[in-house]
Amino acid sequence: MTDLRVPGSDTRDVWEIYLSPTWMPALLVADELGVLESIADAPGSTDELSARLGLNGRALGSVLALLASLGYLAPRRGRYHVTDATRHHLIPSSPFYWGGVWAAMRQHSPLYDQLLRALTTPDPVEAMPQSSGRNKRGVDGWASGSLTPEAAASMTKYMHSHSAAAAVAVAQSDLFASTSRLLDVGGCSGVFSIALAARHQGLSCTIMDLPAVCAITPDFVKERGLEDRIDCYAADMFRDPWPQGYDAVFLSNIFHDWRPATCLTLARHAFDVLLPGGTINVHEMLLADDGAGPRTAAAFSVLMAASTQGQQFTFAQLESLLTDAGFVDIDCYSTSPLHSVVRGRKP
Ligand SMILES: C[S@@+](CC[C@H](N)C(=O)[O-])C[C@H]1O[C@@H](n2cnc3c(N)ncnc32)[C@H](O)[C@@H]1O
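Heads up, the sequence shown is in my numbering, so the first residue is 946 and it goes up one at a time.
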């Protein structure tokens, strides 16, 4: 991994506050579903535990990584083991078990309900994302390709704040210093394209997003006076054709919303629209290969498992996914203390 971090890109303090509300729900579901008791009886990998307990492995993997990063599990040779803290406070047979507290806390956590549903619902086999049809906000609107103007307006503001520091960090890494045309898939407010175009005078960007978002994005671009080099392309990335002829495709916080099979479909679309030698660039918070965190990425993964159809990935998982899509020379660049760009090249 090449370290391209710059001062000012360290947002670990706000991320800790933003994501600490995932800690308790992760512990509550593990308690409710007997995950910790089962590991105390026999250590297991995510796949073994998911088969043993009949739970969704994608969501379970996020919960296990977070509990490991909090010190309740220890991964050894690919299997999770319980720690002393778990034996004392989280196993029903212990005289110091906190079960009475956990029972009360379940009543107060909407995220717990969402996470419980994610762990107990199997993934569909189709690569096309499924909409539950319950509402047009968030991931349901994304999956069906139709977002209300109100949902688009609040999501665009949210993502702009959420990603501003990470975007400047990517721009300052100079990973795109020699790029001419970049396609920013799910580019939202244009937070990354704006930072990149402001840094590199020779770069033009296309922000591709749903029509309701593309109705708002030009305001963000005009505010920075970059409308001559940043345009918007309104499309449903799952159902519509993608624009062609880019030397870089950028996807930030996109893969983490979807199952690996859906991400593979997106990676193949990116491959198709890139010029030979062009690069796919997946900007995400990466999980460690040993399944023990880091805590912020693991907590983010629990949030994604509860509220989207996705999870955070390890570098090894993204490398394998991009290889399956046809990319070569896959490498990882750390752009901030929390974020990385995984880049692959179209031969
Ligand atoms: C989590 S946000 C990421 C925004 C931005 N890339 C960032 O990192 O801050 C996901 C983005 O993907 C867009 N998106 C979701 N589903 C889409 C679809 N079916 N077609 C096009 N864009 C979609 C959303 O509108 C949103 O802007």
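Backbone N, C-alpha and C define an ideal beta-carbon position, used for all residues, glycine too.
Three-state class that DSSP yields for residue i in the structure shown
i, result
"Leu964", "helix"
"Gly1147", "coil"
"His1107", "helix"
"Arg1051", "helix"
"Phe1137", "helix"
"His1034", "helix"
"Tyr1042", "coil"
"Glu977", "helix"
"Phe1195", "strand"
"Val1130", "strand"
"Ala987", "coil"
"Pro1221", "strand"
"Asp955", "coil"
Residue nearest to residue i in terms of C-alpha spacing, selected from the options
i, options, result
"Asp1234", "Ser1265, Glu1071, Gly1223, Ala1251", "Ser1265"
"Gly1255", "Ser1149, Ser1246, Leu1263", "Ser1246"
"Leu1092", "Pro1239, Arg1144, Ala1160", "Ala1160"
"Glu1229", "Tyr1191, Asp1181, His1284", "His1284"
"Ala1098", "Tyr1178, Asp1192, Arg1290, Leu1155", "Leu1155"
"Arg1169", "Val1194, Ala1140, Gly1190, Arg1184", "Ala1140"
"Val1194", "His1026, Asp955, Ala1212, Val1046", "Ala1212"
"Gly1132", "Tyr1025, Lys1102, Gly1271", "Lys1102"
"Trp1087", "Ser1076, Glu1095, Lys1167", "Ser1076"
"Cys1177", "Leu1127, Asp1202, Ala1063, Phe1216", "Leu1127"
"Leu1209", "Gly1016, Leu1196, Ala1270", "Ala1270"
"Gln1262", "Ala1206, Asp1185, Arg1051", "Ala1206"
"Thr1280", "Leu1231, Asp1029, Ala985", "Leu1231"
"Val915", "Thr1031, Leu973, His1145, Thr967", "The structure shown has nothing for residue 915, since the chain only spans 946 to 1292."
Limits of the alpha helix (DSSP H) - the one that residue i falls within
i, result
"Pro1163", "1162 to 1168"
"Gly1006", "1002 to 1014"
"Ala1019", "Run containing Ala1019: none in the alpha helix (DSSP H); it sits in the beta strand (DSSP E), 1018 to 1021."
"Pro1205", "1205 to 1218"
"Leu998", "991 to 998"
"Gly1083", "1083 to 1089"
"Ser1246", "1240 to 1252"
"Ala1179", "First-last for Ala1179: 1175 to 1179, but that is the beta strand (DSSP E), not the alpha helix (DSSP H)."
"Val1158", "1156 to 1159"
Nearest-angstrom beta carbon gap, residue j and residue i [assumed within contact, 8 Å]
i, j, result
"Gly1006", "Thr991", "4 Å"
"Val1273", "Arg1288", "Wrong, their Cβ atoms sit about 11 Å apart, outside the cutoff."
"Ala1244", "Leu1056", "Incorrect: roughly 11 Å between the Cβ atoms, too far for contact."
"Ser1134", "Thr1162", "6 Å"
"Val1027", "Ala985", "5 Å"
Assigned exposure category for residue i - 16 Cβ within 10 Å defines buried
i, result
"Pro970", "buried"
"Ile1199", "buried"
"Pro1020", "buried"
"Gly1238", "buried"
"Phe1137", "buried"
"Gln1117", "buried"
"Gly1222", "exposed"
"Met1073", "exposed"
"Thr1253", "buried"
"Ser1106", "exposed"
"Gly1236", "buried"
"Asp1119", "exposed"
"Ser1190", "The question names Ser, yet the displayed sequence has Gly at residue 1190. Gly1190 is exposed by the Cβ-count criterion."
"Val1070", "exposed"
Element boundaries [beta strand (DSSP E), containing residue i]
i, result
"Phe1260", "Element bounds for Phe1260: not the beta strand (DSSP E) but the alpha helix (DSSP H), 1260 to 1269."
"Val1027", "1024 to 1027"
"Val1286", "1285 to 1290"
Within-8 Å CB hit, residue i to chain B
i, result
"Ala1109", "As a matter of chain content, chain B is missing from the structure shown, which is built from one protein chain."
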